[in-house]
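All letters in the sequence shown, in the order written, are residues 11 to 276 by our numbering.
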Amino acid sequence: LLDALTDQAAVAIERTQLVADVDRAQLAAEADKLRSALLTSISHDLKTPLAGIMGAAGTLRDYPQAMSDGDRADLLGTIVEESERLNRFIANLLDMTRIESGAMQPTMSPHYVGDIVGSALHRADKILARHKTRIEIPADLPMVKLDPVLFEQVLFNLLDNAAKYAPEGSLVLIRGAHRGGWVWLEIIDEGPGIPAEDLERVFDSFHRVRKTDHVRAGTGLGLAICRGFVEALGGTIKAGSRTDRSGAVFTIQMPLNPAQVPERLQ
Ligand code: ADP
11 LLDALTDQAA VAIERTQLVA DVDRAQLAAE ADKLRSALLT SISHDLKTPL AGIMGAAGTL
71 RDYPQAMSDG DRADLLGTIV EESERLNRFI ANLLDMTRIE SGAMQPTMSP HYVGDIVGSA
131 LHRADKILAR HKTRIEIPAD LPMVKLDPVL FEQVLFNLLD NAAKYAPEGS LVLIRGAHRG
191 GWVWLEIIDE GPGIPAEDLE RVFDSFHRVR KTDHVRAGTG LGLAICRGFV EALGGTIKAG
251 SRTDRSGAVF TIQMPLNPAQ VPERLQ
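Below, the structure written as structure tokens:
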């Protein structure tokens, strides 16, 4: 009996091994597919602005006389804008590489989240010029230990998205709260929102909800970077929907480090 059981066990192990091998092969094939899709997407995102720059620079070089001042200014404007887009994309790719290789080394110190919201809003001043903004952050919100540069980048990416996807004239609300050992921050807009089946996937690199979202010229990495940065700071970030009307809600939760929480001076 023992021999028979041992044989059966050996067969079962062998079978499991076979299944594992098939799973591994399938996983490797899927990883390869993903990698080449990623490379195609990255190449496309690099080529598009480059094509704009080359076209504009070529025209400036080939027709220097036959051009009005206005046309020249337009072409130079294209070169500057597309170079900025390229620069942003490469900076985002480098951020993603740092996150994925675990090479992020946040410099943590205690901060009032409201101060960082203020500087992110200041940085997003131009892109939010046609939206209304409101901050609802209680004055007694405790300090949180975080890296202010990374945290500001997270808020900036979320504000940038609100500006891109929510219509002009609509309200972008930034709300803060303190509950159960955590500081919460919500960025709420009045745009089309995010369908339930995409709420998790929007944090994947290059995932877009609507086909038309590509036109808005984001890098497709904004939310992936947000999640990578927030998690590197010990927090969490999730996407949700408004219940009262259409619109996206991004919720960041940062842990309080009690040792680092002095009372806020009134
Ligand atoms: P990008 O905006 O460059 O495409 P992101 O990673 O920032 O890349 O966002 C991923 C996708 O999530 C966007 O393409 C869009 O479909 C969706 N999304 C992000 N923020 C919002 C928002 N505030 N409202 C509606 N959809 C959003």
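Built from N, CA and C at the ideal position, the CB exists for glycine as well.
These figures come from a predicted structure and were not determined experimentally.
Out of curiosity, what's the CA-to-CA distance linking residue i and residue j?
i	j	result
residue 236	residue 31	35 angstroms
residue 97	residue 175	22 angstroms
residue 216	residue 177	22 angstroms
residue 84	residue 76	14 angstroms
residue 250	residue 94	31 angstroms
residue 185	residue 117	25 angstroms
residue 5	residue 67	With the chain covering 11 to 276 only, the question about residue 5 has no answer from this structure.
residue 248	residue 167	14 angstroms
residue 145	residue 70	46 angstroms
residue 82	residue 61	17 angstroms
residue 162	residue 255	28 angstroms
residue 232	residue 179	23 angstroms
residue 122	residue 49	40 angstroms
residue 274	residue 155	Confidence at residue 274 is low in this model, with a pLDDT of 42, below 50, so its placement is unreliable and no value can be given for it.
residue 148	residue 222	37 angstroms
residue 59	residue 38	32 angstroms
residue 74	residue 57	25 angstroms
residue 3	residue 22	Since the first and last residues shown for the chain are 11 and 276, residue 3 lies out of range.
residue 40	residue 151	46 angstroms
residue 45	residue 52	10 angstroms
residue 63	residue 206	38 angstroms
residue 272	residue 124	Since pLDDT at residue 272 reaches only 43, below the 50 mark, its modelled position is unreliable, and no value is offered.
residue 19	residue 29	15 angstroms
residue 257	residue 143	14 angstroms
residue 131	residue 211	26 angstroms
residue 190	residue 120	18 angstroms
residue 65	residue 173	29 angstroms
residue 80	residue 135	27 angstroms
residue 280	residue 24	Past the edges of the chain, shown from 11 to 276, lies residue 280, and the structure says nothing about it.
residue 27	residue 17	15 angstroms
residue 72	residue 47	36 angstroms
residue 110	residue 100	15 angstroms
residue 133	residue 42	39 angstroms
residue 202	residue 139	19 angstroms
Looking at C-alpha atoms only, which residue of the options is the closest neighbour of residue i?
i	options	result
residue 264	257, 158, 110 and 39	158
residue 213	187, 246 and 144	246
residue 239	24, 79, 69 and 115	115
residue 160	106, 81 and 43	106
residue 165	151, 152, 150 and 182	182
residue 196	252, 137, 232 and 27	252
residue 108	162, 242, 202 and 150	242
residue 102	230, 259, 257 and 244	230
residue 153	141, 126, 131 and 73	126
residue 141	171, 147 and 129	171
residue 209	46, 261 and 200	261
residue 200	259, 244 and 139	259
residue 244	192, 205, 257 and 228	192
residue 341	36, 198, 137 and 187	There is simply no residue 341 to check, as the chain begins at 11 and stops at 276 in what is shown.
residue 187	266, 34, 36 and 133	266
residue 198	131, 169 and 55	169
residue 92	55, 128, 112 and 104	55
residue 234	104, 88 and 33	104
Going by DSSP, name the residue or residues bridged to residue i.
i	result
residue 260	197 and 249
residue 184	145 and 197
residue 189	192
residue 156	119
residue 265	192
Mind checking whether the beta-carbon of residue i lies closer than 8 angstroms to any heavy atom of the ligand SAM?
i	result
residue 238	By its list of ligands, the structure shown excludes the ligand SAM, since it contains just the ligand ADP.
Q. Which residue spans inside the stretch 52 to 133 form an unbroken beta strand (DSSP E) run of at least 3?
A. 119 to 121
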